[in-house]
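Line by line, the protein sequences are chains A, B, C and D. All letters in the first sequence, in the order written, are residues 310 to 545 by my numbering. All letters in the second sequence, in the order written, are residues 60 to 451 by my numbering. All letters in the third sequence, in the order written, are residues 466 to 636 by my numbering. All letters in the fourth sequence, in the order written, are residues 107 to 450 by my numbering.
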Amino acid sequence: MADETPDTPDTPDASADDAVTDASAVAVEEVPAIDPAVAALFERFEAALGDGVVDHADSFGTLVVRVKPDAWKRAAEVARADLDCDYLSFISGIDWMPAPKPAGDEGGDTSAPVQPDTMTFGVTGSDGRLQVFAHVQSTTRHWGVTIKTDVADPAPTVDSWVSVYPGADWHERECWEMYGVDFSGHPKIRHLYLPGEFEGNPLRKDFALLAREVKPWPGLVDVEPMPGDDTEEGDS
Amino acid sequence: MTSTETPGFEVDPALYSNLAGSQVNVELDTGDMILNLGPQHPATHGTLRLVVRLDGERVVAADPVIGYMHRGYEKLSEFRTYPQITTLINRIDWLSSFANEVPFVHGAEQLMGIEAPPRAQWIRTILTELSRIATIYLFLGEMGLQVGALTPAFWGFRDRELVLNLIESATGGRFHPNFNRIGGLKDDLPWGWIAECRTTMDKILRGCDDFEDVLVGNEIFEARTRGIGIIPGELGAAYGVSGANLRASGIDWDLRRDGKPYLAYPELDFKVWTHSDGDSFARYWVRLQETREAVRMVIQLLDGLPAGPIMAKVPRIIKVPEGEVWVETENPLGQMGYYIVSKGATGPFRVKIRSASFSNVSILPWLLRGVYVPDVITIMGSLYFILGDIDR
Amino acid sequence: MIVQNIFFWVLALAMVLGAIGVVRSQNVVHAALYLVVVMAGAAAQYILLAAEFVAWVQVIIYIGAVIILFLFGIMLTRAPMGGDTKLDNDQRWPAAVVSVFLAGVLGALLIDAFGKKEIVISGAKGEQLLQVGKAGHLADSIFTAYVVPFEVVSILLLAALVGAVVIARRD
Amino acid sequence: MPHMTLALEIGWGTTLAIKTLLVLAIIPVGALILGYTFLLKMMSHMQSRLGPMDPGGFHGWFQLVGDGIKFLQKEDIMPAESDRRVFAMAPAIVVISTFLIFLVVPTGPRLVVKDLDVGVFYALAVSSLSVVGVLMAGWASANKFALIGALRAAAQLIAYELPLLLAVVGVVIQAGTMSLQGIVGAQVDGSIFGFSGLGNPFILTQFVGFFLFLIAAQAELTQTPFDMPVAESELVAGYMVEYTGFRFLFFFIGEFGTAFAFAALAATMYLGGWAIPGVTGGMADLLGPLVLFVKLMGVAFLMFWVRFTYPRLREDQLQAVAWKYLIPIGLLNIIVTAIIKVAV
Numbered sequence: 310m311a312d313e314t315p316d317t318p319d320t321p322d323a324s325a326d327d328a329v330t331d332a333s334a335v336a337v338e339e340v341p342a343i344d345p346a347v348a349a350l351f352e353r354f355e356a357a358l359g360d361g362v363v364d365h366a367d368s369f370g371t372l373v374v375r376v377k378p379d380a381w382k383r384a385a386e387v388a389r390a391d392l393d394c395d396y397l398s399f400i401s402g403i404d405w406m407p408a409p410k411p412a413g414d415e416g417g418d419t420s421a422p423v424q425p426d427t428m429t430f431g432v433t434g435s436d437g438r439l440q441v442f443a444h445v446q447s448t449t450r451h452w453g454v455t456i457k458t459d460v461a462d463p464a465p466t467v468d469s470w471v472s473v474y475p476g477a478d479w480h481e482r483e484c485w486e487m488y489g490v491d492f493s494g495h496p497k498i499r500h501l502y503l504p505g506e507f508e509g510n511p512l513r514k515d516f517a518l519l520a521r522e523v524k525p526w527p528g529l530v531d532v533e534p535m536p537g538d539d540t541e542e543g544d545s
Numbered sequence: 060m061t062s063t064e065t066p067g068f069e070v071d072p073a074l075y076s077n078l079a080g081s082q083v084n085v086e087l088d089t090g091d092m093i094l095n096l097g098p099q100h101p102a103t104h105g106t107l108r109l110v111v112r113l114d115g116e117r118v119v120a121a122d123p124v125i126g127y128m129h130r131g132y133e134k135l136s137e138f139r140t141y142p143q144i145t146t147l148i149n150r151i152d153w154l155s156s157f158a159n160e161v162p163f164v165h166g167a168e169q170l171m172g173i174e175a176p177p178r179a180q181w182i183r184t185i186l187t188e189l190s191r192i193a194t195i196y197l198f199l200g201e202m203g204l205q206v207g208a209l210t211p212a213f214w215g216f217r218d219r220e221l222v223l224n225l226i227e228s229a230t231g232g233r234f235h236p237n238f239n240r241i242g243g244l245k246d247d248l249p250w251g252w253i254a255e256c257r258t259t260m261d262k263i264l265r266g267c268d269d270f271e272d273v274l275v276g277n278e279i280f281e282a283r284t285r286g287i288g289i290i291p292g293e294l295g296a297a298y299g300v301s302g303a304n305l306r307a308s309g310i311d312w313d314l315r316r317d318g319k320p321y322l323a324y325p326e327l328d329f330k331v332w333t334h335s336d337g338d339s340f341a342r343y344w345v346r347l348q349e350t351r352e353a354v355r356m357v358i359q360l361l362d363g364l365p366a367g368p369i370m371a372k373v374p375r376i377i378k379v380p381e382g383e384v385w386v387e388t389e390n391p392l393g394q395m396g397y398y399i400v401s402k403g404a405t406g407p408f409r410v411k412i413r414s415a416s417f418s419n420v421s422i423l424p425w426l427l428r429g430v431y432v433p434d435v436i437t438i439m440g441s442l443y444f445i446l447g448d449i450d451r
Numbered sequence: 466m467i468v469q470n471i472f473f474w475v476l477a478l479a480m481v482l483g484a485i486g487v488v489r490s491q492n493v494v495h496a497a498l499y500l501v502v503v504m505a506g507a508a509a510q511y512i513l514l515a516a517e518f519v520a521w522v523q524v525i526i527y528i529g530a531v532i533i534l535f536l537f538g539i540m541l542t543r544a545p546m547g548g549d550t551k552l553d554n555d556q557r558w559p560a561a562v563v564s565v566f567l568a569g570v571l572g573a574l575l576i577d578a579f580g581k582k583e584i585v586i587s588g589a590k591g592e593q594l595l596q597v598g599k600a601g602h603l604a605d606s607i608f609t610a611y612v613v614p615f616e617v618v619s620i621l622l623l624a625a626l627v628g629a630v631v632i633a634r635r636d
Numbered sequence: 107m108p109h110m111t112l113a114l115e116i117g118w119g120t121t122l123a124i125k126t127l128l129v130l131a132i133i134p135v136g137a138l139i140l141g142y143t144f145l146l147k148m149m150s151h152m153q154s155r156l157g158p159m160d161p162g163g164f165h166g167w168f169q170l171v172g173d174g175i176k177f178l179q180k181e182d183i184m185p186a187e188s189d190r191r192v193f194a195m196a197p198a199i200v201v202i203s204t205f206l207i208f209l210v211v212p213t214g215p216r217l218v219v220k221d222l223d224v225g226v227f228y229a230l231a232v233s234s235l236s237v238v239g240v241l242m243a244g245w246a247s248a249n250k251f252a253l254i255g256a257l258r259a260a261a262q263l264i265a266y267e268l269p270l271l272l273a274v275v276g277v278v279i280q281a282g283t284m285s286l287q288g289i290v291g292a293q294v295d296g297s298i299f300g301f302s303g304l305g306n307p308f309i310l311t312q313f314v315g316f317f318l319f320l321i322a323a324q325a326e327l328t329q330t331p332f333d334m335p336v337a338e339s340e341l342v343a344g345y346m347v348e349y350t351g352f353r354f355l356f357f358f359i360g361e362f363g364t365a366f367a368f369a370a371l372a373a374t375m376y377l378g379g380w381a382i383p384g385v386t387g388g389m390a391d392l393l394g395p396l397v398l399f400v401k402l403m404g405v406a407f408l409m410f411w412v413r414f415t416y417p418r419l420r421e422d423q424l425q426a427v428a429w430k431y432l433i434p435i436g437l438l439n440i441i442v443t444a445i446i447k448v449a450v
């Protein structure tokens, strides 16, 4: 999958002055130069975790590491012990599948801001549509690392972090109900936001947003002109 | 008192086990009681439900039940364009909505590779600090209300109004300014605003002194808050408790100083206040100092406000290149972060919203064990959460 | 005298009804509240007997403290809302017999002892009686004629208090 | 001239009616005065509130009337699970106990409903009745918050009745009587180090008792810092949480009426009551109520000042304050007073 992984677009700050009229042309694919601090952090991480690491990247100055599913909990322990990441920022999931368009192309684009139809996997890639990712930080060293791992599509399961970071409790409950990812070792996984009898995993891409089904996205109309951008007045 | 729970939000069933029925107790022990604090309760700032199991007035176990206000912003964000999302995220922490916009807009700007001009950055910083003052100032008053002193709460509302007026006159919105644009700001500051801001800052400083006189120096306030709800720093961090709550536990960590540089903070001179006790009093004290510090920062910012444009050159239809970015800022309630995944469309593919109160509140079951009912209110008040920030 | 007698009978009726309410009530809290009626009736009877101080002692001790403690204890341990049926049992008739018997014995005793005695609260004798009921006279009696019993009772109560604390301690 | 004497010699029935009417009127009026002066005006100034200063024009005089009308209009709601009879009776008991206190408060040499021999004792005894009403309200509401509030009220009463009594005992010893009229008389006739021009207001000799009394009264009235039974931030309104409209108004009147009564008691016992030096006889009867009212407002000001300034103690802290400090201080005060009384 790595071949279609789009790497971080190299967009130095200087380009801000250039008037970019067509944003789609910006996505220049280029191998990024890893920040030395991030590289050093990754070396520490890899030294401790060993072959659990699948891939890594520097995403705007933040180290993103993808680990093997069976190394997920070990990654947390390593982050906490060897990287001094004592602070748990969040644990969440991501569904890389493009959202289906139930009404078809003729019925108007219901999944409004148009997303690509093909499945792509973002930074550090993925093996399947579902991934779990977390961000941990150090309050003393002031660095942070995003850790990702792949989970199986049917019956996704991954180890719980509760024993490493007690705060993982609620995050994992949220991830469980939103993505259907089970966390083995979690003391009592149950609904957090949703009522007990709720069915489905709302944040999966195939879970339709009812409001959009009822009232389709009208499309981009009446774009407010930006200050200093009075070249194209009127409707779009 | 049966354990039958009406269909709805799930409560930890362990809370309901072995509850004494209406039978006569031979021993002197009294039966445990389940008390629902909320979803409608004045101390929960919204619709948080806290199910506590009580032995007399002592809490045996507590389970916060959230989700009564869950609006699914993460899902909604996948169906909105970037400029539309700022309208949504305004409403996460509705007391400091301007500060919510900043990290998101900042993230989108990073992905697009543009940077707002310095004047816009400084005005953003001013408004962020003003939101911080507005939010925390209300806390300073409301904390009095939580421990039973009515008067400071009104002072809090009174002076916050002045700050809200400032925000309104600059942005047009008191609560939901929606003032940030990707690449800058909607407008420049109105004429006369800076002078107005300076007078207001003076009043805020005086108000802080009043709070110090009425609450911090009060024996009853100290008796009610000192040693109540102690969060050990290490445990707090592991729970993801952030902001003043963590700094009150002696952890010297402020994203404005220690995080990736954002806005005008690297150019400011400010002190990060910490307290070693980690109790409710420490949290109050740290926030009090932070309000003063924020006033100092606003004055510095007003002094050094650069001239120039307030908007960078950006495309009319915003399409964000493919990529992922994690942005985090030090918001009034703690660490606010967005993990934005873009696939090159006009809207994000996935937005993970990391809100401060969610993690701050998740420590409650641990923190509330063994305290008295009045302390529950003190602790919840001193953690200072906004329901929108928990439920998103 | 007519007025006093009318008040006496009205109060007595209220007290009897209250007392029946105490034992008949299916709800402990109601029973305790009926007990308030009985106690208040007793206090009013003291006033009729010109024993003003005792009357208010009755109010502050029995209603203000004892009943409050009853209610406090009931509500703390079990506070059934609505009718609680646990208070009834199948020993009603024996209980009725016992209570009628007790009432008969007590009534006979009282009539035998005080039946012929008329309480005069008017004229010189009445004045004297009013003086006896006053707090000053009571205090004089307690601290002169009855000082030893008073102290003994004090020590007894203190011992009971300490004993209660010891029993209630949880260690 | 029978029609002339008719005006002077009023029959006991008429007196009783007048007295009853007066007592019945004094509670709502007193509650209104305190509510207006302190709750609306003083608190509004302290808290920079705009609302209560607005209705009716001048200083928001209409606010309290408006509040009253609002309460009367509200629907009378009883919780479905509540014990309806007990629920309905509870506010009445609270208010009645307040009414009864006023029977013994003298407002002039002859202006007293009934100068009981044990006046002080009587006042404290009937004031403790209100807790029965509070417990009834809390239990009958079928609401856990209400129940906790009621239990707190009961626990508080038991803890605070003692310091209250002990504080009063000092005054009783010094005056040598429990009659409130007698206590006023003792203060009028007393002298300070031989100087009798001002009498001897007991606040000078019994200032410890005065503060004990004020603190304990604050607890008895469930006012901040001892307002745990109502504790609006934790128990929402404690035992009153299920009450609406007229029944709630009863509690409100009871609360402020009792504050009025306790301020009157404190003014009578410690500040000389209706008496001002040099005024006696009919003039004192005429000025007495006014003088008492001024003193009473002074005491009430202290009470409400504390109420609007201080945070609330926790229940266990309250018990600690009562048992560890107030009761020993009260006992000490009695001992010292008694020794001085016997020695001098």
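Glycine is no exception: its CB is placed at the ideal position from the N, C-alpha and C atoms.
When only Cα atoms are considered, Thr427 (chain A) and Pro409 (chain A) end up about 11 Å apart. Note that the region 410-429 of chain B touches the region 148-157 of chain B; at least 3 beta-carbon pairs, one per stretch, sit closer than 8 Å. For His165 (chain D), there is no enclosing beta strand (DSSP E), as DSSP marks it with neither H nor E.
Assignment of alpha helix (DSSP H) within the region 256-342 of chain B, counting only whole runs of 4 or more residues, yields 278-284, 292-298, 303-306, 314-317 in chain order. With a beta-carbon spacing of about 27 Å, Ile133 (chain D) and Leu272 (chain D) fall beyond the 8 Å limit used to define contacts.
Proximity of chain D to Met540 (chain C) at the Cβ level (cut-off 9 Å) is accounted for by Leu241, Gly244, Trp245, Leu253, Ala256, Leu257, Ala260, in chain order.
The beta-bridge partner set that DSSP reports for Phe399 (chain A) consists of A:His444.
Chain D places no beta carbon closer than 8 Å to that of Met395 (chain B), leaving this residue out of the contacts. Judged by DSSP secondary structure, Ala121 (chain B) falls within the beta strand (DSSP E) whose first and last residues are 117-124.
Beyond the five residues adjoining it in sequence on each side, Leu113 (chain B) comes within less than 8 Å, by CB distance, of Asp91, Met92, Ile93, Leu94, Val119, Val432 in the same chain, given in chain order. The beta carbon of Gln596 (chain C) is closer than 8 Å to those of His602 in its chain, skipping five residues each way along the sequence.
For Ala415 (chain B), the closest Cβ of chain A is not nearer than 8 Å. Listed in chain order, the positions of the region 419-443 of chain D with a beta carbon within less than 8 Å of a beta carbon of chain B are Leu419, Arg420, Glu421, Asp422, Gln423. Separation of the CB atoms of Ile195 (chain B) and Pro391 (chain B) is rounded to 6 Å, and the pair is thereby assigned contact status at 8 Å.
In the displayed model, Asp173 (chain D) falls within a helix according to three-state DSSP. From the beta-carbon of Gln440 (chain A), no residue of chain B is found nearer than 9 Å; the closest lies around 10 Å away. Ser236 (chain D) counts as buried, since no fewer than 16 other beta carbons sit within 10 angstroms of its beta carbon. In this chain, the alpha helix (DSSP H) harbouring Val294 (chain D) covers 286-295. Remark: C-beta atoms of Asp395 (chain A) and Ala297 (chain B) approach each other more closely than 8 Å. Comparing alpha-carbon positions, the option among B:Val164, B:Gly266, B:Thr405, B:Phe157 lying closest to Phe216 (chain B) turns out to be B:Gly266. Contact between the region 244-252 of chain B and the region 199-215 of chain B is absent: fewer than 3 CB-CB pairs across the two stretches fall below 8 Å. Under the three-state reduction of DSSP, Leu372 (chain A) is assigned to strand. Chain B places a beta carbon closer than 8 Å to that of Phe369 (chain A), counting this residue as a contact. Here Trp380 (chain D) carries a coil assignment [DSSP, helix/strand/coil]. Ser414 (chain B) sits in coil when the DSSP states are folded into three classes, being neither helix nor strand.
Here the C-alpha atom of Leu575 (chain C) lies approximately 29 Å from the C-alpha atom of Ser619 (chain C).
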